[in-house]
Amino acid sequence: MSHGRGIRLFLVDGSPNGLLTAEIMNWTGHALTGPRTKLTELVQRPECGRTGVYFLVGPDPDNAMRPLVYIGESDDVAKRLKQHNRPEDQGGKDFWERVCLITSKDQNLTKAHVKYVESRLMAIAKQSGRCGLVNGTAHDYTVLPEADLADMAFFIEQIRIILPVLGFDFLRDPTASYSPASSEDDISFEMELPKYGVKAQAREVDGSFVVMGGSEARPKWTAKANGYGNLYDQLVKDGVLGKENGGKRLFTKDYEFNSPSAAAAIVAGRNTNGRTKWLVKGSQSTYGDWQSAQVDSQTVDEQNQ
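Using the numbering used here, the letters of the sequence shown map in sequence onto residues 47 to 351.
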């Protein structure tokens, strides 16, 4: 059973588009984020004078489906951000539009700690496939005592929890293996296109719709180019959809979608209503029917209490 977490958000200047701080209850970490247009105010914050790791995030001109990300560390983050704000011909970076800084409220993070955290976050970001990583090769920095390694593993877990809340999704892992027994609450779904001999399986896990590795999809996008068409092409480019074979493509690994319709569209090669196309495995009940039954059941339970 998963437990809720308390996250405290604070709008520094009262604007949702300005500087924002975030903290998780019982975690020593502290997040500060804001747009590049607010860099003057951000570097004056006390957090920027501490040891920490930071993320520079901006659009990828070659891939509209994911951002470009640079991950760094410093004893004086304000100084590093000022350097990154210079033109590229002066050693700066032009691509980024937002920044997120992670420091510690108790200021116990050392240079060795953040070098290790930086190297692990770079490896995680590369593995996730959710961003284009601007950094070069990640160094395997493990020169820490065993107790510190355990502390930093927990620290990294909290970073991966808090970043999506702030709108940064690039450390989430879409390739995790979702076994049939991963949770008693997980439900299996299946989708078939008999005319094309295509069959796919999926699960709803922690609010995401995950198409399982080995599922089949049509060999190309057949409708007018749109957002899902761009996603289809990107999945082919990234190798999530394997090479065409026998008039279909295979998902090379589990892949997480933000909705049943997005998943159905990729399988079908065209826009498709996933709420009607996905069926509960072993039945004729659609995803929409199943979800409505869950909502109705919860309503009845509340009325009976």
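Ideal Cβ positions, reconstructed from N, Cα and C, are used throughout, including at glycine.
Measuring straight from C-alpha to C-alpha, what distance separates Q337 and A193? 45 Å
With distances taken from CA atoms, which of Y187, A263, A77, V160 is nearest R316? A263
Classify L296 as helix, strand or coil using the three-state DSSP reduction. strand
Specify whether the segment 122 to 131 and the segment 168 to 187 touch according to this definition: at least 3 beta carbon pairs, one from each stretch, less than 8 Å apart. no
Return helix, strand or coil for L55, following the three-state DSSP convention. strand
At what residue ranges does the segment 142 to 185 contain a whole run of the beta strand (DSSP E), taking only runs of 3 or more? 144 to 150
Go ahead and label L167 buried or exposed: buried means 16 or more other beta carbons lie within 10 angstroms of its beta carbon, across all protein chains shown. buried
Cβ of V163 within 8 Å of Cβ of M111? no
Compute the Euclidean distance between the alpha carbons of I312 and V89, then round it to the nearest angstrom. 43 Å
Close Cβ partners of G138 (< 8 Å) along its chain, the five nearest in sequence each way excluded: Q129, H130, N131, R132
Local Cβ density within 10 Å of F200, reported as buried at 16 or more and exposed below that: exposed
Under the assumption that L155 contacts T97 (Cβ atoms under 8 Å), give the Cβ distance between them as a whole number of angstroms. 5 Å
Considering only residues of the same chain and omitting the five flanking positions on each side of S305, which have a CB-CB separation below 7 Å? F255, G320
Please state whether DSSP places S343 in a helix, a strand or coil. helix
Rounded C-alpha distance that separates M47 from A310: With a pLDDT of only 48 at M47, under 50, the local geometry of the prediction cannot be trusted, and the value read off the model is given with reservation. If I take the Cα positions, the gap works out to 29 Å.
Can you find the residues in the same chain that come closer than 8 Å, C-beta to C-beta, to L195, ignoring five residues on each side of it along the sequence? Y162, T188
Proximity of K294 and Y242 at Cβ, strictly below 8 Å: yes
At the level of alpha carbons, what is the spacing between R359 and K157? It is not possible to answer for residue 359, since the shown part of the chain is limited to 47 through 351.
Rounded to the nearest angstrom, how far is the Cβ of V103 from that of R144, given a contact under 8 Å? 5 Å
What are the complete alpha helix (DSSP H) segments, minimum 4 residues, inside the segment 237 to 325? 273 to 284, 306 to 314, 320 to 323
Looking only at its chain, what residues have a beta carbon closer than 6 Å to the beta carbon of Q247, apart from the 5 residues adjacent to it on each side? E236, M258, S261
Which residues DSSP lists as bridging D121, in chain order: None; D121 has no bridge partner.
Please state whether the Cβ-Cβ distance between I207 and I70 is less than 8 Å. yes
Who does E69 pair with in a DSSP beta bridge? R54
Rounded Cβ spacing between G288 and L296 (contact assumed at less than 8 Å): 5 Å
Rounding to the nearest angstrom, what Cα-Cα distance links G52 and E203 in this structure? 15 Å
Would you mind sorting D355 into buried or exposed? The rule is 16 or more other CB atoms within 10 Å of its CB. A question about residue 355 goes unanswered here, because the residues of the chain that appear run from 47 up to 351.
Who are the Cβ neighbours of L209 in its own chain at under 6 Å, not counting the five residues just before and after it? L217
What does DSSP give as the partner residues of L102 in its beta bridges? Y116, V145
Mind checking whether L85 and L65 have CB atoms under 8 Å apart? no
How would you call K323, buried or exposed, if buried means at least 16 neighbouring beta carbons within 10 angstroms? buried
Verify whether the separation of the beta carbon atoms of T74 and D122 is less than 8 Å. no
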